[in-house]
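Novice: In order, the protein sequences belong to chains A and B. For the first sequence, our numbering gives the first residue as 4, with consecutive numbering after it. For the second sequence, our numbering gives the first residue as 4, with consecutive numbering after it. Cβ atoms here follow ideal geometry from the backbone N, Cα and C, with glycine treated the same way. Being a predicted model, the structure only gives us computed values, none of them experimental.
There are 2 protein chains.
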Amino acid sequence: MRAILLVDHGSRVDAANAQLGDVAQLVARIAGDGTIVRHAHMELATPSIPEGIDALVREGATEIVVVPYFLAPGRHATSDVPRIASEAASKHPAVNVRVAAPLGVHELLARLVLVRARE
Amino acid sequence: MRAILLVDHGSRVDAANAQLGDVAQLVARIAGDGTIVRHAHMELATPSIPEGIDALVREGATEIVVVPYFLAPGRHATSDVPRIASEAASKHPAVNVRVAAPLGVHELLARLVLVRARE
Chain A
4 MRAILLVDHG
14 SRVDAANAQL
24 GDVAQLVARI
34 AGDGTIVRHA
44 HMELATPSIP
54 EGIDALVREG
64 ATEIVVVPYF
74 LAPGRHATSD
84 VPRIASEAAS
94 KHPAVNVRVA
104 APLGVHELLA
114 RLVLVRARE
Chain B
4 MRAILLVDHG
14 SRVDAANAQL
24 GDVAQLVARI
34 AGDGTIVRHA
44 HMELATPSIP
54 EGIDALVREG
64 ATEIVVVPYF
74 LAPGRHATSD
84 VPRIASEAAS
94 KHPAVNVRVA
104 APLGVHELLA
114 RLVLVRARE
């Protein structure tokens, strides 16, 4: 079973953490039934990345893509999240865990900027 | 003339600041010739928000939408950027300056997560 774990920094503000759950639900709806989509936070809030990976494995995930929900390829997205994910994945040698690129520069983001500008 | 000023936090890393310029260029291409699109940084890098607004006015902008390039509606996007933009706008009473919502939760972001997950 394919799975996506959407990971942001994590905040002390509950509403900010909840927003990632909303995005994960949107992703799940678009991805369709063949993909489990969950979210986790790098720090400051739960579920943590290891908790998220453990839960996905319990749900039957055999292939997990961790997607850093960060705009820029900074230290968190390119170093901290991959390191934590790799450590957590070592507990599940039968599961293929990889880390995707952060959101970066993409036409979909440019289109969203225009949506917000026109609201 | 309508204009968009895309504003992020600003970084000490040049590549991170340059990336916002790339997004602004994408936005400009999609927006078409009727809209000037420029970028600025809230702090740590130039152009600053006041410099960005001054430059747009010099280019003939009469209506400026400042779009916070932030995923979440945190303090920077909802308080700091609007305050700085408002102070900068007070120098140009003939120009209509408003601040848009940050990127927030949107289907376009969910679709981008899937793009990154599948790469």
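Would valine 98 of chain B pass as a contact of methionine 45 of chain B if the rule is Cβ separation under 8 Å?
Specialist: Numbered from 1 along the second sequence, position 95 holds the residue referred to as residue 98 of chain B. Numbered from 1 along the second sequence, position 42 holds the residue referred to as residue 45 of chain B. No; because the gap between Cβ atoms is not below 8 Å, this pair is not in contact.
Novice: Would you say valine 10 of chain B lies against chain A (beta-carbon separation less than 8 Å)?
Specialist: By 1-based counting over the second sequence, the position of residue 10 of chain B is 7. Valine 10 of chain B does not count as touching chain A.
Novice: Just confirm the distance between the C-beta atoms of valine 84 of chain B and valine 102 of chain B, as a whole number of angstroms; I'd bet it's less than 8 Å.
Specialist: Mapped onto the second sequence, residue 84 of chain B falls at position 81. Mapped onto the second sequence, residue 102 of chain B falls at position 99. That belief holds up - the Cβ atoms of valine 84 of chain B and valine 102 of chain B are roughly 6 Å apart, short of 8 Å.
Novice: Please confirm whether valine 84 of chain A has its beta-carbon closer than 8 Å to some beta-carbon of chain B.
Specialist: Taking the first sequence and counting its residues from 1, the one referred to as residue 84 of chain A is at position 81. Chain B contact via Cβ: absent.
Novice: Cβ of leucine 8 of chain B within 8 Å of Cβ of glycine 55 of chain B?
Specialist: To locate residue 8 of chain B, count along the second sequence from 1; it is residue 5. To locate residue 55 of chain B, count along the second sequence from 1; it is residue 52. Yes, these two residues count as a Cβ contact at 8 Å.
Novice: Just to confirm before moving on: does the CB-CB distance between alanine 120 of chain B and valine 70 of chain A stay below 8 Å?
Specialist: The residue given as residue 120 of chain B occupies position 117 in the second sequence. The residue given as residue 70 of chain A occupies position 67 in the first sequence. Contact flag set, yes.
Novice: Determine whether the beta carbon atoms of leucine 111 of chain B and arginine 114 of chain A lie at a separation below 8 Å.
Specialist: Along the second sequence, read from residue 1 onward, the residue named residue 111 of chain B stands at position 108. Along the first sequence, read from residue 1 onward, the residue named residue 114 of chain A stands at position 111. Cβ distance < 8 Å, so leucine 111 of chain B and arginine 114 of chain A count as in contact.
Novice: Of all the residues that make up the stretch 52–70 of chain B, which are near chain A by a beta-carbon distance shorter than 8 Å?
Specialist: Answer set for the stretch 52–70 of chain B: Val68, Val70.
Novice: For chain A, is any of its Cβ atoms less than 8 Å away from the one on glutamate 122 of chain B?
Specialist: As a working note, residue 122 of chain B is residue 119 in the second sequence. Closer than 8 Å to some Cβ of chain A, the Cβ of glutamate 122 of chain B qualifies, so yes.
Novice: For proline 105 of chain B, collect the residues of the same chain with a Cβ closer than 6 Å to its Cβ; drop the 5 residues on either side in sequence, then sort them by chain order.
Specialist: Translated into the one-based positions of the second sequence, residue 105 of chain B becomes position 102. The residues are Pro71, Phe73, Pro76, Ala80.
Novice: For lysine 94 of chain A and glutamine 28 of chain A, I'd like the C-alpha separation in whole angstroms.
Specialist: Reading the first sequence from its first residue, position 91 is the one you call residue 94 of chain A. Reading the first sequence from its first residue, position 25 is the one you call residue 28 of chain A. Near 27 Å, if we compare the C-alpha coordinates of glutamine 28 of chain A and lysine 94 of chain A.
Novice: For glutamate 110 of chain A, which residues in chain B fall below 8 Å Cβ to Cβ?
Specialist: As a position in the first sequence, residue 110 of chain A is number 107, starting the count at 1. Neighbours of glutamate 110 of chain A on chain B, chain order: Leu29, Ile33.
Novice: Given this structure, state the Cα-to-Cα distance separating threonine 49 of chain A from alanine 92 of chain A, to the nearest angstrom.
Specialist: Translated into positions along the first sequence, residue 49 of chain A becomes position 46. Translated into positions along the first sequence, residue 92 of chain A becomes position 89. Looking at the two C-alpha atoms, the distance is approximately 18 Å.
Novice: Tell me whether the beta-carbon of aspartate 36 of chain A lies closer than 8 Å to the beta-carbon of valine 108 of chain B.
Specialist: Taking the first sequence and counting its residues from 1, one reaches residue 36 of chain A at position 33. Taking the second sequence and counting its residues from 1, one reaches residue 108 of chain B at position 105. Cβ atoms of aspartate 36 of chain A and valine 108 of chain B: not closer than 8 Å.
Novice: Rounded to the nearest angstrom, what separates isoleucine 87 of chain B and proline 53 of chain B at their Cα positions?
Specialist: Stepping through the second sequence from its first residue, residue 87 of chain B is reached at position 84. Stepping through the second sequence from its first residue, residue 53 of chain B is reached at position 50. Near 7 Å, if we compare the C-alpha coordinates of proline 53 of chain B and isoleucine 87 of chain B.
Novice: If you draw a straight line from the C-alpha of alanine 43 of chain B to the C-alpha of glutamate 66 of chain B, how long is it?
Specialist: As a first step, residue 43 of chain B must be located in the second sequence, where it is residue number 40. As a first step, residue 66 of chain B must be located in the second sequence, where it is residue number 63. Their backbone Cα atoms lie some 17 Å apart in a straight line.
Novice: Name the residue from A:Asp17, A:Arg15, A:Arg41, A:His12 whose alpha carbon lies nearest to the alpha carbon of alanine 6 of chain A.
Specialist: Stepping through the first sequence from its first residue, residue 6 of chain A is reached at position 3. Closest option to alanine 6 of chain A, Cα to Cα, is A:Arg41.
Novice: Quick check: the Cα distance between arginine 15 of chain B and histidine 12 of chain A, rounded to an integer number of angstroms?
Specialist: Residue numbering aside, residue 15 of chain B sits at position 12 when the second sequence is read from its first letter. Residue numbering aside, residue 12 of chain A sits at position 9 when the first sequence is read from its first letter. Looking at the two C-alpha atoms, the distance is approximately 19 Å.
Novice: Mind listing the chain A neighbours of glycine 13 of chain B? Cutoff is C-beta to C-beta under 8 Å, in chain order.
Specialist: Along the second sequence, read from residue 1 onward, the residue named residue 13 of chain B stands at position 10. Correct list: empty, because the minimum Cβ distance to chain A is about 11 Å.
Novice: Any chance you could list the alpha helix (DSSP H) runs of at least 4 consecutive residues sitting entirely within the stretch 6–37 of chain A, in chain order?
Specialist: Listed in chain order, the complete alpha helix (DSSP H) runs (minimum 4 residues) inside the stretch 6–37 of chain A are 17–34.
Novice: Confirm, please, whether the CB-CB distance from isoleucine 39 of chain A to methionine 4 of chain A is below 8 Å.
Specialist: As a working note, residue 4 of chain A is residue 1 in the first sequence. As a working note, residue 39 of chain A is residue 36 in the first sequence. Yes; because the gap between Cβ atoms is below 8 Å, this pair is in contact.
Novice: Leaving aside the five residues before and after glutamate 90 of chain A along the sequence, list all residues of the same chain whose C-beta is less than 8 Å from its C-beta, in chain order.
Specialist: Reading the first sequence from its first residue, position 87 is the one you call residue 90 of chain A. Closer than 8 Å at Cβ, skipping near neighbours: Pro53.
Novice: Spell out whether any CB of chain A is found under 8 Å from the CB atom of arginine 114 of chain B.
Specialist: Here the question's residue 114 of chain B lines up with position 111 in the second sequence. Yes, arginine 114 of chain B counts as interfacial toward chain A.
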